[in-house]
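Enquirer: Order-wise, the sequence lines are chains B and H. Under this note's numbering, the first sequence has 292 at position 292, and the numbering climbs by one with no breaks. Under this note's numbering, the second sequence has 202 at position 202, and the numbering climbs by one with no breaks. From the three backbone atoms N, C-alpha and C, an ideal C-beta is built for every residue, glycine too. Since this is a predicted model, take the numbers as computed values, not measurements. This is the structure, below, for whatever I ask next.
There are 2 protein chains.
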Amino acid sequence: MKRVIIVGMGFGGIRAAKELAGKGMEVFLLDRNNYHLFQPLLYQVATAALEQESIAYPIRAMARRWPDTRFRLTEVCGVDLEGKRVLTSEGPLGYDYLIVSAGSETNYFGMTSIAEHAYDLKKLEDAEKLRNQILGLFERAVKENDPDKRKAMLTFVVVGGGPTGVEFSGSLVELVRYVLAKDYPELSITECRVMLVEASNAILVSQPENLRQYAVERLRRMGVEVLLNTAVIDAAPEHVVFKDGTVIPTHTLFWSAGVKAAPLAGALDLPKAGGGRIKVKPDLTVEGHPDVYIVGDMACCQQDGAVLPMVAPVAMQMGGYAAKSILAKQSDRELPPFRYHDKGSMATIGRSSAVASAFGFHLSGILAWMAWLGLHLMYLVGFRNRILIIMNWAWYYFFHERQVRLITMKEAGPPQCNWK
Amino acid sequence: MKRVIIVGMGFGGIRAAKELAGKGMEVFLLDRNNYHLFQPLLYQVATAALEQESIAYPIRAMARRWPDTRFRLTEVCGVDLEGKRVLTSEGPLGYDYLIVSAGSETNYFGMTSIAEHAYDLKKLEDAEKLRNQILGLFERAVKENDPDKRKAMLTFVVVGGGPTGVEFSGSLVELVRYVLAKDYPELSITECRVMLVEASNAILVSQPENLRQYAVERLRRMGVEVLLNTAVIDAAPEHVVFKDGTVIPTHTLFWSAGVKAAPLAGALDLPKAGGGRIKVKPDLTVEGHPDVYIVGDMACCQQDGAVLPMVAPVAMQMGGYAAKSILAKQSDRELPPFRYHDKGSMATIGRSSAVASAFGFHLSGILAWMAWLGLHLMYLVGFRNRILIIMNWAWYYFFHERQVRLITMKEAGPPQCNWK
Numbered sequence: 001m002k003r004v005i006i007v008g009m010g011f012g013g014i015r016a017a018k019e020l021a022g023k024g025m026e027v028f029l030l031d032r033n034n035y036h037l038f039q040p041l042l043y044q045v046a047t048a049a050l051e052q053e054s055i056a057y058p059i060r061a062m063a064r065r066w067p068d069t070r071f072r073l074t075e076v077c078g079v080d081l082e083g084k085r086v087l088t089s090e091g092p093l094g095y096d097y098l099i100v101s102a103g104s105e106t107n108y109f110g111m112t113s114i115a116e117h118a119y120d121l122k123k124l125e126d127a128e129k130l131r132n133q134i135l136g137l138f139e140r141a142v143k144e145n146d147p148d149k150r151k152a153m154l155t156f157v158v159v160g161g162g163p164t165g166v167e168f169s170g171s172l173v174e175l176v177r178y179v180l181a182k183d184y185p186e187l188s189i190t191e192c193r194v195m196l197v198e199a200s201n202a203i204l205v206s207q208p209e210n211l212r213q214y215a216v217e218r219l220r221r222m223g224v225e226v227l228l229n230t231a232v233i234d235a236a237p238e239h240v241v242f243k244d245g246t247v248i249p250t251h252t253l254f255w256s257a258g259v260k261a262a263p264l265a266g267a268l269d270l271p272k273a274g275g276g277r278i279k280v281k282p283d284l285t286v287e288g289h290p291d292v293y294i295v296g297d298m299a300c301c302q303q304d305g306a307v308l309p310m311v312a313p314v315a316m317q318m319g320g321y322a323a324k325s326i327l328a329k330q331s332d333r334e335l336p337p338f339r340y341h342d343k344g345s346m347a348t349i350g351r352s353s354a355v356a357s358a359f360g361f362h363l364s365g366i367l368a369w370m371a372w373l374g375l376h377l378m379y380l381v382g383f384r385n386r387i388l389i390i391m392n393w394a395w396y397y398f399f400h401e402r403q404v405r406l407i408t409m410k411e412a413g414p415p416q417c418n419w420k
Numbered sequence: 001m002k003r004v005i006i007v008g009m010g011f012g013g014i015r016a017a018k019e020l021a022g023k024g025m026e027v028f029l030l031d032r033n034n035y036h037l038f039q040p041l042l043y044q045v046a047t048a049a050l051e052q053e054s055i056a057y058p059i060r061a062m063a064r065r066w067p068d069t070r071f072r073l074t075e076v077c078g079v080d081l082e083g084k085r086v087l088t089s090e091g092p093l094g095y096d097y098l099i100v101s102a103g104s105e106t107n108y109f110g111m112t113s114i115a116e117h118a119y120d121l122k123k124l125e126d127a128e129k130l131r132n133q134i135l136g137l138f139e140r141a142v143k144e145n146d147p148d149k150r151k152a153m154l155t156f157v158v159v160g161g162g163p164t165g166v167e168f169s170g171s172l173v174e175l176v177r178y179v180l181a182k183d184y185p186e187l188s189i190t191e192c193r194v195m196l197v198e199a200s201n202a203i204l205v206s207q208p209e210n211l212r213q214y215a216v217e218r219l220r221r222m223g224v225e226v227l228l229n230t231a232v233i234d235a236a237p238e239h240v241v242f243k244d245g246t247v248i249p250t251h252t253l254f255w256s257a258g259v260k261a262a263p264l265a266g267a268l269d270l271p272k273a274g275g276g277r278i279k280v281k282p283d284l285t286v287e288g289h290p291d292v293y294i295v296g297d298m299a300c301c302q303q304d305g306a307v308l309p310m311v312a313p314v315a316m317q318m319g320g321y322a323a324k325s326i327l328a329k330q331s332d333r334e335l336p337p338f339r340y341h342d343k344g345s346m347a348t349i350g351r352s353s354a355v356a357s358a359f360g361f362h363l364s365g366i367l368a369w370m371a372w373l374g375l376h377l378m379y380l381v382g383f384r385n386r387i388l389i390i391m392n393w394a395w396y397y398f399f400h401e402r403q404v405r406l407i408t409m410k411e412a413g414p415p416q417c418n419w420k
C-alpha cells in the first residue's frame with residue numbers, strides 16, 4: 001500500500017484526507033494539535049460569543065471513520081525531499097506522496113514592536129488570550145479612578161480592514177454595547193472606543209464598491225471608528241503610534257493586516273514567492289518533485305494572471321485536487337491543471353448584518369447575514385458543534401447575551417498578594 | 001446604607017448574595033475569578049465530557065439582576081478585623097458586615113513530592129490541565145515502542161475514595177473504554193489501567209454499607225482496580241510509591257484524599273481547628289466579631305458532636321443563614337443558631353449508575369443516577385449551561401461519544417523542533 005502523508009489538518013488537509021480515505025492508500029495525518037480548528041469563527045471566541053470547544057473538532061473523531069488512516073500528534077521540522085521522508089520531532093517518516101498544508105501565520109512585516117505587543121487570531125489560545133485581555137481590562141477599568149488611564153484601558157485598536165478586522169471590530173463593539181454596558185454599570189459606555197484602522201482607502205477589498213460602502217457606514221453606525229488611509233507603525237504596552245505621528249493610548253492592539261506562510265515553508269528548500277509562500281506548478285506539485293503537493297495558504301498559485309488568495313475555499317479546493325491527482329496517478333491517469341472556482345466571499349458585520357457577493361449578486365443586510373450563517377454552519381465539522389453554535393447564536397440574537405465572558409487565564413488576572 | 005462584603009463566590013457566597021440583594025444593603029462581591037464555578041462537575045471537564053465554559057457562570061451576569069450589588073475581581077490578602085476593612089490587592093475596602101467564604105484547597109498533608117507531581121480538581125484550569133495530560137499521554141503512547149514505557153503512560157492512579165475519586169475514576173475508565181479505545185486502534189485497551197487507591201477500608205464513607213459495597217463492585221466491573229487499605233506515600237514524574245513499598249510506574253497521580261481551608265484562613269488572626277478551618281460560633285460569627293461570618297469549607301462548625309463536612313450543601317445553607325442573620329440584626333432581631341439540614345448525599349459511578357442516600361432511603365443504579373442528574377442540573381447556575389450540559393450528557397448516553405477531547409494547553413504537547 002502506498003503511503004500519503006498530509007501535514008496540517010486545516011481546511012486543505014481534511015479535505016484531502018476525506019478524499020483519500022478508503023481508496024487503497026495508507027494515509028498519515030500529522031498536526032501539532034489534536035483538533036481541526038474552524039479559524040473563521042475565532043473572532044467569536046475572542047468576543048465571548050462562543051466556547052472555544054465549539055470551533056475545534058478532534059482529528060481522531062474524523063480519522064476513526066476513515067479506513068487505513070492514522071493520526072500523529074507531532075511537530076514537523078522539515079522534509080527530506082530527496083529521501084522522501086518527513087522529519088518530525090519524533091524522527092523521520094517515509095512517504096510515497098506528500099501533501100503539505102501547514103497554513104499561515106500573522107505577518108508583522110518585520111515591525112518588532114508590533115509583533116511583541118499585538119494580539120492576533122490564528123490559534124485557539126490566541127482567541128482565549130484576547131477574550132481574557134478584553135474582559136480583564138473592563139475589570140481593571142472599574143477599579144481605576146484616573147479617567148485618562150481608564151479611557152486607555154477601554155480603547156481597542158483593530159488593524160486591517162479585511163474580513164477578520166471587520167468581523168472582530170463589529171463583534172467587539174456589540175459585546176461592549178449590548179453585554180458589557182449592562183455588566184459594568186459603573187463605567188460609561190462613551191469612554192469605550194473601538195477603532196478599525198486600515199492603511200489603504202477601503203475595507204473589504206474583495207467586495208464590490210457598494211458593499212464596501214455599506215460595510216463602512218454600518219460599522220460607523222454601530223459605533224466603530226473606521227479610519228482609512230491610516231497605518232500603525234509602532235506599538236508599546238500602553239499606546240500605538242500612527243504613521244502621521246498620532247499616539248493613541250491603548251492596551252490592546254489587534255493585528256489582522258497581514259499573513260505569511262507558516263515557518264515550515266522556510267524549512268523546505270523550494271522556490272518562494274511573496275509572504276514566504278512556495279511556488280507551485282499548475283498541478284500544485286513543486287518543481288522536480290511530482291510527488292509533493294503544496295496546498296492552501298502555503299502555496300503560491302497563479303491563475304489568470306493573479307495569485308490565489310489565502311482563504312479557506314482555495315485551501316479546500318486545493319486539498320481535494322491534490323488527493324484526486326494522487327489517486328489519478330495511481331491508476332496512471334493525469335488530471336487537468338488545478339483551477340479555483342470562486343464561489344464568492346462574505347463578511348459579517350454585526351447582528352443581522354453582513355455583506356456577500358457571489359456569481360454577480362451583491363447582498364447586504366439580513367439576507368447576507370443569513371447566507372453567512374448557513375454557510376458557516378455547513379462547513380463546520382461535527383454535528384454537535386453545529387448545534388452548540390446555533391444555540392449560542394440564537395441566545396445572542398434573542399437575548400442580546402453572550403455567556404462565555406469568562407477570564408480563564410491568569411495574564412489578565414489581579415496582582416498577587418504579598419502575604420502568600 | 002450599610003455595606004456587606006462577601007469574599008468568595010462559591011456556593012456559600014452566591015447563596016448569601018442572592019439573599020441580601022435588594023434588601024437595603026450595599027453588597028460587594030469579591031472573587032479572584034470573574035465566574036462562579038460548579039466544582040462538582042470539574043471531573044467531567046477533566047474526562048472530556050463537558051466544555052469548561054459549561055460549568056462556569058459569569059458573576060456579573062448574576063450581579064446585574066441584584067440591586068445595589070457590585071462585583072470586584074480582586075485578590076483578598078487579609079482582613080483588618082479591628083478596622084473593619086478587607087485588604088485587597090488594590091487596597092483596603094471598609095465593611096459593616098463581612099462574610100468570608102473563600103473555600104478550600106487540596107491538602108497533601110505536607111508530602112511535598114506528592115504536592116509537586118499530583119493533579120487535583122479545585123480550579124477550572126486544573127480540569128483542563130488534567131484533560132490535556134490524559135489525552136496527551138494517549139498520543140505519546142501511540143508513538144512509543146517500548147511496552148513498559150507505554151504501559152506507564154497508560155496507568156492512572158487516583159487517590160481518595162470520596163465522591164471526587166470515585167466519580168473521576170469511573171468517568172475516566174468509561175472515557176478509555178468507550179471513546180479512546182475507538183480513537184486509538186493502535187493501542188490495546190488492556191494496557192490501560194485505572195487504579196482507585198484508598199487508605200481506609202472503604203470508599204464513599206458517607207454512604208451506608210450496602211451502597212459502598214455496590215459502588216466497589218460496580219467500579220470493578222467497569223474496569224477500575226479498587227485498592228483499599230492502600231496509601232500513596234511518595235511520587236515522582238514517572239512513578240508513585242505505596243506504603244507497602246510497591247512502585248507503580250505512572251505519569252498521572254490524581255489526588256483527592258484531602259482538603260484544607262483556603263490560604264486566606266491563615267491570614268486571619270482567629271482560632272483554627274483541623275485543616276486550618278476557622279472555629280465559628282453557633283451563629284457562624286467568630287469570637288469577638290459579631291459582624292464577621294465564616295461560611296462553607298473555611299468554617300469549622302460543630303453540630304451534634306461532629307464537625308460539619310466540607311461539601312456544597314453545607315456551604316449553601318451557611319451562606320443563606322449568614323445573610324438572613326445580617327438582615328435580622330438590621331431590624332434588631334436575632335436568629336436561632338445555625339442548623340444544617342442534611343438532605344442526603346450521592347455519587348455517580350458511571351453511565352446509568354450512581355448511589356444516593358437520603359431520609360433513610362438507599363438508592364443505587366439507574367434511579368440514583370437519574371436523581372443525581374436532576375439535582376446537579378437544578379443547582380447549576382444559568383439556563384444556557386443547563387441546556388449545554390443536558391446536550392452533552394444525552395450525546396454521551398446515546399452515542400457513547402465525548403466530543404471535548406481537545407489538547408488545548410501545551411504542557412502535554414510534542415517537543416519543539418530545533419530549526420525554528
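(1) Closer than 8 angstroms by beta-carbon distance: list the chain H residues that pair up with residue 318/B, in chain order.
(2) Looking at the structure shown, is residue 112/B part of a helix, part of a strand, or coil, going by DSSP?
(3) Skipping 5 residues on each side, what residues in its chain have a beta carbon closer than 6 angstroms to that of residue 380/H?
(4) Would you mind sorting residue 58/B into buried or exposed? The rule is 16 or more other CB atoms within 10 Å of its CB.
(5) Among the residues of its own chain, which have a CB less than 6 angstroms from the CB of residue 368/H, if the five just before and after it don't count?
(6) To the nearest angstrom, how far is it from the Cα of residue 383/H to the Cα of residue 404/B?
(7) Touching or not, the region 59-70 of chain B and the region 26-40 of chain B, by the rule of three or more beta carbon pairs under 8 angstroms?
(8) Mind checking whether residue 188/B and residue 43/B have CB atoms under 8 angstroms apart?
(9) Out of 7/H, 251/H, 16/H and 46/H, which one is the CA nearest neighbour of residue 314/H?
(10) Just checking residue 252/H against the ligand COA - is the residue's beta carbon closer than 7 angstroms to any of the ligand's heavy atoms?
(11) Quick check: is the beta carbon of residue 35/B nearer than 8 angstroms to any beta carbon in chain H?
(12) What in chain H is Cβ-close to residue 7/B, meaning under 7 angstroms?
(13) From residue 20/B to residue 323/B, what does the alpha carbon distance come to, in whole angstroms?
(14) Contact defined as beta carbons within less than 8 angstroms: I believe residue 7/B pairs with residue 76/B. What is the distance between those atoms, to the nearest angstrom?
(15) Tell me, to the nearest whole angstrom, how far the beta carbon of residue 99/H is from that of residue 295/H; I am working on the premise that it is less than 8 angstroms.
(16) Under a CB-based cut-off of 8 angstroms, is residue 413/H close to chain B?
(17) CA-CA distance, residue 90/B and residue 145/H?
(18) Under 7 angstroms, CB to CB, which of the residues in the region 390-408 of chain H have a partner in chain B?
(19) Taking the straight line between their C-alpha atoms, what separation do you get for residue 231/B and residue 36/B?
(20) With a 10 Å radius around its C-beta and 16 neighbouring C-beta atoms as the bar for buried, classify residue 304/B as buried or exposed.
(21) Since residue 303/B sits in a beta bridge, which residues does DSSP pair it with?
(22) Compute the distance between the beta-carbons of residue 376/H and residue 81/H, then report whether it is under 8 angstroms.
(23) Would DSSP call residue 346/B helix, strand or coil?
(24) Could you check the C-alpha separation between residue 272/H and residue 236/H for me, to the nearest Å?
(25) Which residues in the same chain as residue 267/B place their Cβ atom closer than 6 angstroms to its Cβ, once the five residues preceding and following it in sequence are excluded?
(26) Measure the Cβ-Cβ separation of residue 119/B and residue 252/B and say whether it is below 8 angstroms.
(27) Find the residues of chain H that neighbour residue 129/B, judging by a C-beta separation of less than 8 angstroms, and give them in chain order.
(28) In angstroms, rounded to a whole number, what distance separates the CA positions of residue 421/H and residue 226/H?
(29) Count the other C-beta atoms from every protein chain shown that fall within 10 angstroms of the C-beta of residue 412/H, then say buried if there are 16 or more, exposed otherwise.
(30) Hey, quick one: how far does the alpha helix (DSSP H) through residue 43/H stretch, first residue to last?
(31) Expressed to the nearest angstrom, what Euclidean distance is found between the alpha-carbon atoms of residue 285/B and residue 291/B?
(32) Could you give the uninterrupted runs of the alpha helix (DSSP H) lying entirely in the region 255-298 of chain H, keeping only those of 4 residues or more?
(33) So, with DSSP's three-state summary, where would you put residue 168/H?
(34) Would a C-beta distance cut-off of 8 angstroms place residue 121/B and residue 256/B closer than the cut-off?
(35) Could you tell me which whole alpha helix (DSSP H) segments of length 4 or greater appear in the region 114-175 of chain B?
(36) Quick one: is residue 382/H near chain A, going by C-beta distance under 8 angstroms?
Expert: By the coordinates alone:
(1) Stepping through the first sequence from its first residue, residue 318/B is reached at position 318. The premise fails here: residue 318/B is roughly 25 angstroms from chain H at the closest Cβ pair, so nothing lies under 8 angstroms.
(2) The residue given as residue 112/B occupies position 112 in the first sequence. Residue 112/B: helix per DSSP, three-state reduction.
(3) Taking the second sequence and counting its residues from 1, the one referred to as residue 380/H is at position 380. Here the set comprises 38 and 386.
(4) Numbered from its first residue, the first sequence carries residue 58/B at position 58. Flag for residue 58/B reads buried.
(5) For the purposes of this step, residue 368/H is taken as the residue at position 368 of the second sequence. Once the five neighbours on either side are set aside, the close Cβ partners of residue 368/H are 354, 355 and 356.
(6) Here residue 383/H refers to the residue found at position 383 of the second sequence. Here residue 404/B refers to the residue found at position 404 of the first sequence. Going from the Cα of residue 383/H to the Cα of residue 404/B covers about 13 angstroms.
(7) yes
(8) The residue you call residue 188/B lines up with position 188 of the first sequence. The residue you call residue 43/B lines up with position 43 of the first sequence. No, the pair does not count as a contact, with Cβ atoms beyond the cut-off.
(9) For the purposes of this step, residue 314/H is taken as the residue at position 314 of the second sequence. Of 7/H, 251/H, 16/H and 46/H, the residue nearest in Cα terms is 16/H.
(10) You won't find the ligand COA in this model; it holds no ligand whatsoever.
(11) By 1-based counting over the first sequence, the position of residue 35/B is 35. Yes, its Cβ sits closer than 8 angstroms to a Cβ of chain H.
(12) Within the first sequence, residue 7/B is the residue found at index 7, counting from 1. What residue 7/B touches in chain H: nothing, since even the nearest Cβ is about 13 angstroms away.
(13) Taking the first residue of the first sequence as position 1, residue 20/B is located at position 20. Taking the first residue of the first sequence as position 1, residue 323/B is located at position 323. Approximately 6 angstroms between the Cα atoms of the pair.
(14) Residue 7/B sits at position 7 when you count from the first residue of the first sequence. Residue 76/B sits at position 76 when you count from the first residue of the first sequence. Their Cβ separation, rounded to whole angstroms, is 5 angstroms, which keeps residue 7/B and residue 76/B in contact under 8 angstroms.
(15) Position 99 of the second sequence holds residue 99/H. Position 295 of the second sequence holds residue 295/H. Confirmed, Cβ separation roughly 6 angstroms.
(16) Translated into positions along the second sequence, residue 413/H becomes position 413. With a pLDDT of only 48 at residue 413/H, under 50, the local geometry of the prediction cannot be trusted, and no value is derived from it.
(17) Translated into positions along the first sequence, residue 90/B becomes position 90. Translated into positions along the second sequence, residue 145/H becomes position 145. Answer to the nearest angstrom: the Cα atoms are 12 angstroms apart.
(18) 391, 395, 403, 404, 405, 406, 407 and 408
(19) Here residue 231/B refers to the residue found at position 231 of the first sequence. Here residue 36/B refers to the residue found at position 36 of the first sequence. Taking the straight line joining both Cα atoms gives about 33 angstroms.
(20) Within the first sequence, numbered from 1, the residue matching residue 304/B stands at position 304. Flag for residue 304/B reads exposed.
(21) For the purposes of this step, residue 303/B is taken as residue 303 along the first sequence, with counting starting at 1. BP columns for residue 303/B point to 306/B.
(22) As a working mapping, residue 376/H is identified with position 376 in the second sequence. As a working mapping, residue 81/H is identified with position 81 in the second sequence. No; because the gap between Cβ atoms is not below 8 angstroms, this pair is not in contact.
(23) Locating residue 346/B in the first sequence gives position 346, counting from the first residue. In the structure shown, residue 346/B sits in a strand (DSSP, three-state: E or B).
(24) Position 272 of the second sequence holds residue 272/H. Position 236 of the second sequence holds residue 236/H. Looking at the two C-alpha atoms, the distance is approximately 32 angstroms.
(25) Position 267 of the first sequence, counting from 1, holds the residue named residue 267/B. 78, listed in sequence order.
(26) As a first step, residue 119/B must be located in the first sequence, where it is residue number 119. As a first step, residue 252/B must be located in the first sequence, where it is residue number 252. Yes. Within cutoff.
(27) Stepping through the first sequence from its first residue, residue 129/B is reached at position 129. Result: empty, since nearest Cβ-Cβ is about 12 angstroms, beyond 8 angstroms.
(28) Lying before the first or after the last residue shown, residue 421/H is absent from chain H, which here runs from 1 to 420.
(29) Position 412 of the second sequence holds residue 412/H. Summary for residue 412/H: the model assigns pLDDT 42, below 50, so the residue's position carries little reliability, and this model does not support an answer.
(30) In the second sequence, counting from the first residue as 1, residue 43/H sits at position 43. Note, residue 43/H: alpha helix (DSSP H), 42-46.
(31) Numbered from 1 along the first sequence, position 285 holds the residue referred to as residue 285/B. Numbered from 1 along the first sequence, position 291 holds the residue referred to as residue 291/B. Residue 285/B and residue 291/B: Cα-Cα distance of roughly 7 angstroms.
(32) 264-267
(33) Counted from its first residue, the second sequence places residue 168/H at position 168. In this structure, residue 168/H counts as helix in the three-state DSSP scheme.
(34) By 1-based counting over the first sequence, the position of residue 121/B is 121. By 1-based counting over the first sequence, the position of residue 256/B is 256. Closer than 8 angstroms, so yes.
(35) 124-142, 147-153 and 163-174
(36) No chain A is present in this structure, whose protein chains are B and H.
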